[in-house]
Amino acid sequence: MRIGIDIDDVIAKTGQIFYQKINERFGTKVDFTKVPYYSWVDEQVFKKGYSADEFYGFLNEFQTSSPYHETLVLRRGFKEIVKKFYKKGHIIYLISNRHVLILPYTTVWLKNLGILPYVSGVLHNSYMVKPFSQFKIREAKRLKIDIFLEDALDYALPLAKNKIKVLLFDRPWNQKQDLPRNIYRVDDWEQAEKIIKKLETVKD
Ligand SMILES: [Mg+2]
Numbered sequence: 001m002r003i004g005i006d007i008d009d010v011i012a013k014t015g016q017i018f019y020q021k022i023n024e025r026f027g028t029k030v031d032f033t034k035v036p037y038y039s040w041v042d043e044q045v046f047k048k049g050y051s052a053d054e055f056y057g058f059l060n061e062f063q064t065s066s067p068y069h070e071t072l073v074l075r076r077g078f079k080e081i082v083k084k085f086y087k088k089g090h091i092i093y094l095i096s097n098r099h100v101l102i103l104p105y106t107t108v109w110l111k112n113l114g115i116l117p118y119v120s121g122v123l124h125n126s127y128m129v130k131p132f133s134q135f136k137i138r139e140a141k142r143l144k145i146d147i148f149l150e151d152a153l154d155y156a157l158p159l160a161k162n163k164i165k166v167l168l169f170d171r172p173w174n175q176k177q178d179l180p181r182n183i184y185r186v187d188d189w190e191q192a193e194k195i196i197k198k199l200e201t202v203k204d
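Take a look at the structure:
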C-alpha cells in the first residue's frame, strides 16, 4: 500500500512543546489537553491581534533553531514499524503542513534517526496552498496514497471525504464521536500497524 504519514504528533511528540512556546510568545493560555480542534490554537493567537506572518514566522523560526529537533521524542513504536512497513513493500511518504523552509531541518533530523532510508519522500507545504487541508489532499492524490496517518481532524475529515482512508491518532483535539466509516481511531503505532495489516487484505 501507499501510506502517507503526518509528522507532528503522529511520529513525534510536538504538541506540548509547541503550545508551551506559543503561550510564552503570544500570551495565550493554550492547555494541551483541552485544545478542541487543531486550528483553534491559530485562532487564539490571531484573536490577540497577531498576524499570520507573525505567528507562522515564529513557528518557522522556532522549528529551525537548535536544539528543537534534537529534543523531540518519537512516538513509541514508530521507528520499528516504519521499517517493517518498508520491508513489506509499502511505499511511505511523510506529508506535513510544516513550512517548506523547515524541510532541510526535518530531513537532517530523520536522517540522524535512521528513518530517511525507509521513506520515499518528505513533503512540506510552502503555505501557498490554503486551506492547509488542500495541501494534504493534493499530495495524497498525486502520490496515490491509500491510507493517511493523521492527528488533526481539520485534515482527516477532508481526506476521508476524498475517499482516502485515515488512521486518526487519538489526541485531545480530535475527539469527534461520529467519524466517517473510512476514519479509524487508533491510540498508538501498534494499533495502527494492526489496522494496516487488516486493510491490506481488503480490496475495495
Ligand atoms: Mg499533526
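Take the sequence shown: its letter number 113 is residue 113 in our numbering, and every next letter is one higher.
Virtual Cβ for every residue (Gly too), placed ideally from N, Cα, C.
Notebook entry, point to check: Where do the ends of the beta strand (DSSP E) carrying LEU168 lie?
Noted result: Start and end: 165 to 169.
Notebook entry, point to check: Which residues in the same chain have their Cβ closer than 6 angstroms to the Cβ of TRP173, if we skip the five residues on either side of it in sequence?
Noted result: Shown here for TRP173: same chain residues with a beta carbon closer than 6 angstroms to its own, the five before and five after excluded, namely VAL35, TYR37 and TYR38 in chain order.
Margin query: Any heavy atom of ligand 1 inside 7 angstroms of the beta-carbon of ALA12?
Written below: no
Next item on the list: Decide if the stretch 39 to 51 is in contact with the stretch 13 to 29; the criterion is three or more beta carbon pairs, one per stretch, under 8 angstroms apart.
Entry: yes
Margin query: Using the Cβ count rule (16 or more neighbours within 10 Å means buried), how would you classify SER120?
Written below: exposed
Margin query: Please state whether the Cβ-Cβ distance between ILE137 and PRO104 is less than 8 angstroms.
Written below: no
Item checked: Unbroken alpha helix (DSSP H) run spanning ASN60, endpoints -> 52 to 63
Check: When DSSP labels each residue in this structure, what does ASP154 get in the three-state scheme?
Finding: helix
Note to self: One question on the structure: do LEU153 and ALA192 come within less than 8 angstroms of each other, judged by their Cβ atoms?
What the structure shows: no
Check: Using CA coordinates, which residue listed in PRO131, VAL10, GLN175 and LEU123 is at the minimum distance from ASP42?
Finding: PRO131
Item checked: Residue-chain proximity (PHE18, chain D), Cβ-Cβ < 8 angstroms -> Protein chains in the displayed structure number just one, and chain D is not present.
Notebook entry, point to check: Among SER66, GLY89 and ASP53, which one has its Cα closest to the Cα of ARG2?
Noted result: GLY89
Next item on the list: Identify the continuous alpha helix (DSSP H) that holds LEU94 and give its terminal residues.
Entry: Per DSSP, LEU94 belongs to no alpha helix (DSSP H); it is in the beta strand (DSSP E), 91 to 99.
Notebook entry, point to check: Going straight from the alpha carbon of GLY57 to that of VAL202, what length do you get?
Noted result: Whole-angstrom Cα-Cα distance: 43 angstroms.
Next item on the list: Decide if the stretch 81 to 101 is in contact with the stretch 136 to 151; the criterion is three or more beta carbon pairs, one per stretch, under 8 angstroms apart.
Entry: yes
Item checked: Close Cβ partners of LYS83 (< 8 angstroms) along its chain, the five nearest in sequence each way excluded -> By the criterion of a C-beta distance shorter than 8 angstroms, LYS83 is surrounded in its chain by TYR118, once the five residues flanking it on both sides are discounted.
Check: Who does ASP146 pair with in a DSSP beta bridge?
Finding: Note: ASP146 sits in no beta bridge, so no partner.
Item checked: Three-state class that DSSP yields for PHE136 in the structure shown -> In the sequence under discussion, the amino acid at residue 136 is Lys, which differs from the Phe named in the question. In this structure, LYS136 counts as helix in the three-state DSSP scheme.
Notebook entry, point to check: Under 7 angstroms from any heavy atom of ligand 1, does the C-beta of ASP9 make it?
Noted result: yes
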